[in-house]
Amino acid sequence: MLDCPTFRCKLLYVVDLTLELGREKALVIYGISEKIWQSQVLKEGRALKHTDGEILGIEVTQSATGEWIQEILSSLTTKVGIPRQIVADNGSNLKKGIKLYQEKHPQVMSTYDVTHSMANLLKKELGIAPDFPDFPDFLAVNNNCNKQN
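For the sequence shown, UniProt numbering assigns the number 1 to the initial residue and increments by one for each residue that follows.
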């Protein structure tokens, strides 16, 4: 849970355009208070948990343009305030939407999501390996085996 009276604290947003539902996509905005990020996640040197914050917004559209994303971010600002930072992948529509948002709120930092960066590097590096297409299946099977043990 966000540890802020009426949400008015410095937030970090994690933004992702995900969940393709046929022709529609969902924009998910997860928020974590800077206080929790610094006092728990960073201090403990651990990964972010879903319980550290909460979903601030889920919006569905057939046309996820940068302008639409900027409108959603601006609408959220009226409810929870201006975020300190927005973390997202480098999708062109997300980049554009965040950049448009930053034109009105230049103090907001934008950060590229390192997990997307690492996945893209692995895909680039291993994508030409003949066994790579089987690797995700191997991980899924191995993960299921670990859960059963």
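Glycine residues also receive a C-beta, built at the ideal position from the N, C-alpha and C atoms.
- Task: Might you give, ordered along the chain, the residues of its own chain that have their beta carbon closer than 8 Å to the beta carbon of residue 65, omitting 5 neighbours on each side?
- Result: Within the sequence shown, the letter at position 65 stands for residue 65. So the list reads 93, 96, 97, once near-sequence residues are dropped.
- Proximity of residue 60 and residue 24 at Cβ, strictly below 8 Å: Mapped onto the sequence shown, residue 60 falls at position 60. Mapped onto the sequence shown, residue 24 falls at position 24. For residue 60 and residue 24, yes; Cβs fall inside 8 Å.
- Message: Does residue 81 come out as helix, strand or coil in the three-state DSSP assignment?
- Response: For the purposes of this step, residue 81 is identified with residue 81 of the sequence shown, where counting begins at 1. Looking at residue 81 - three-state DSSP - the assignment turns out to be coil, as it is neither helix nor strand.
- Message: In the DSSP output, which residue or residues are listed as bridge partners for residue 101?
- Response: In the sequence shown, the residue the question calls residue 101 occupies position 101. Paired residue(s): none; residue 101 is not in a bridge.
- Message: Threshold first: 3 residues or longer. Then list the beta strand (DSSP E) segments lying entirely within the segment 6–87, N to C.
- Response: 11–21, 24–33, 54–61
- Using 10 angstroms around the beta-carbon of residue 31, count the other beta-carbons present and answer buried if the total reaches 16, otherwise exposed. Here residue 31 refers to the residue found at position 31 when the sequence shown is read from its first residue. Buried.
- Task: Going by DSSP, name the residue or residues bridged to residue 92.
- Result: Here the question's residue 92 lines up with position 92 in the sequence shown. For residue 92, which the question treats as bridged, DSSP gives no partner whatsoever.
- Where DSSP assigns a beta bridge to residue 111, which residues make up the other side? For the purposes of this step, residue 111 is taken as the residue at position 111 of the sequence shown. DSSP, once it has assigned bridges, lists 87 as partnering residue 111.
- Message: Given a cut-off of 8 Å on the beta-carbon distance, is the pair residue 87 and residue 111 in contact?
- Response: As a working note, residue 87 is residue 87 in the sequence shown. As a working note, residue 111 is residue 111 in the sequence shown. Cβ distance < 8 Å, so residue 87 and residue 111 count as in contact.
- Message: Give me, in chain order, the residues of the same chain whose beta-carbon lies closer than 8 Å to that of residue 104; leave out the 5 immediate sequence neighbours on both sides.
- Response: Counted from its first residue, the sequence shown places residue 104 at position 104. Here the set comprises 74.
- Item | Residues of its chain near residue 99, where Cβ-Cβ distance is below 8 Å and the 5 sequence neighbours each way are ignored | For the purposes of this step, residue 99 is identified with residue 99 of the sequence shown, where counting begins at 1. Only residues of its own chain outside the window of five on either side were considered, and among them 66, 110 have a CB closer than 8 Å to the CB of residue 99, listed in chain order.
- Query: Relative to the C-alpha of residue 49, which residue among 82, 33, 70, 58 is closest?
  - Reply: Translated into positions along the sequence shown, residue 49 becomes position 49. Considering only alpha carbons, the answer is 33.
- Query: How should residue 83 be labelled, buried or exposed, when 16 other C-beta atoms within 10 angstroms of its C-beta is the threshold for buried?
  - Reply: Mapped onto the sequence shown, residue 83 falls at position 83. Flag for residue 83 reads buried.
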